[in-house]
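This report concerns only the one structure given below.
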Amino acid sequence: MSEPIYIALCGESEYIGAPVIEGLKPEIEVVNFTQASAQNAADELPYVLCGKAPLSNSSRLGTGNYGKIPQAVVLGGAAEFAADEKFKLISSALEKEAEARLVPILRSDKKVEMPPRGPEYGKRVIERVKAALFKLKEDGKLDGKHGGEEFY
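Residue numbering for the sequence shown follows my numbering, beginning at -16 and increasing consecutively.
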């Protein structure tokens, strides 16, 4: 099996994050899961993207394999920090960290129709995230030299 795609995942709750993390395996490894707020993401992600453990972590989820620097950051669709002003806070925190690699930040495309929250919703999120990450890999955009906003 080839090396997985390493990501940092930001989501509303561990309750939703845990099954998504399991569903992404084995092709995608979630190194760090950041829970619930743009401030948590802005505090944690610069460390994680430099291959370091964050000073404090908002969640116990993720492998904690900080030696594997995430190739992308994925924001969960329900997370309040996926809103534009919160996205800017996260982006600016990452830009300020000189050692942090450039990574695409994936956000949920709200134009895509989704089933109501529940098992089918989670399955669709997993499918969409995988498809977006595989496409970015195919396009050579997970190399640490491509940043910016992408949608799944």
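From the three backbone atoms N, C-alpha and C, an ideal C-beta is built for every residue, glycine too.
Q) With contact counted as at least three CB pairs below 8 Å, one residue from each stretch, are the region 8 to 26 and the region -13 to -2 in contact? A) yes
Q. Any idea if E27 is buried or exposed, counting beta-carbon neighbours within 10 angstroms, 16 or more meaning buried?
A. Residue 27 sits at position 44 when you count from the first residue of the sequence shown. Classification of E27: buried, given that the 10 Å Cβ count is 16 or more.
Q | Inter-residue spacing [alpha-carbon to alpha-carbon] between A36 and L44 | A | The sequence position of residue 36 within the sequence shown is 53, counting from 1. The sequence position of residue 44 within the sequence shown is 61, counting from 1. Approximately 13 Å, taken between the alpha carbons.
Q: Give me the Cα-Cα distance between I109 and G60, rounded to the nearest whole angstrom.
A: Taking the sequence shown and counting its residues from 1, one reaches residue 109 at position 126. Taking the sequence shown and counting its residues from 1, one reaches residue 60 at position 77. Going by the C-alpha atoms only, they are around 12 Å apart.
Q: Could you tell me which of V56, L32 and S41 sits nearest to G50, measuring between CA atoms?
A: Within the sequence shown, residue 50 is the residue found at index 67, counting from 1. The shortest Cα separation from G50 among V56, L32 and S41 belongs to L32.
Q: Just list the alpha helix (DSSP H) runs in the region -5 to 21, keeping only unbroken ones of 4 residues or longer that don't cross its boundaries, in chain order.
A: -3 to 7
**Q.** Three-state secondary structure assigned by DSSP to R111
**A.** Residue numbering aside, residue 111 sits at position 128 when the sequence shown is read from its first letter. Note: R111 maps to helix in three-state DSSP.
Q. Exposed or buried, L89, counting other C-beta atoms within 10 Å across all chains shown (16 or more means buried)?
A. Counting from one through the sequence shown, the residue named residue 89 turns up at place 106. Under this definition L89 is a buried residue.
Q.
Using C-beta distances below 6 Å, list every residue in its chain close to V56, excluding the 5 sequence neighbours before and after it, in chain order.
A. Numbered from 1 along the sequence shown, position 73 holds the residue referred to as residue 56. A(-9), V86 and I88, listed in sequence order.
Q: Note down the Cα distance separating P9 from S(-15), rounded to an integer number of angstroms.
A: Within the sequence shown, numbered from 1, the residue matching residue 9 stands at position 26. Within the sequence shown, numbered from 1, the residue matching residue -15 stands at position 2. Cα-Cα distance, rounded: 10 Å.
Q. According to DSSP, is V57 helix, strand or coil?
A. Taking the sequence shown and counting its residues from 1, the one referred to as residue 57 is at position 74. Strand at V57.
**Q.** From R84, G105, Q18 and V95, residue whose alpha carbon lies closest to that of E5
**A.** Walking along the sequence shown from the start, residue 5 turns up at place 22. The shortest Cα separation from E5 among R84, G105, Q18 and V95 belongs to G105.
Q: Can you give me the Cβ contacts of P53 inside the same chain, cut-off strictly under 8 Å, excluding the 5 residues immediately before and after it?
A: Numbered from 1 along the sequence shown, position 70 holds the residue referred to as residue 53. Cβ neighbours of P53 beyond the five flanking positions: Y(-11), I(-10), A(-9), V14, N15, V31, L32 and V86.
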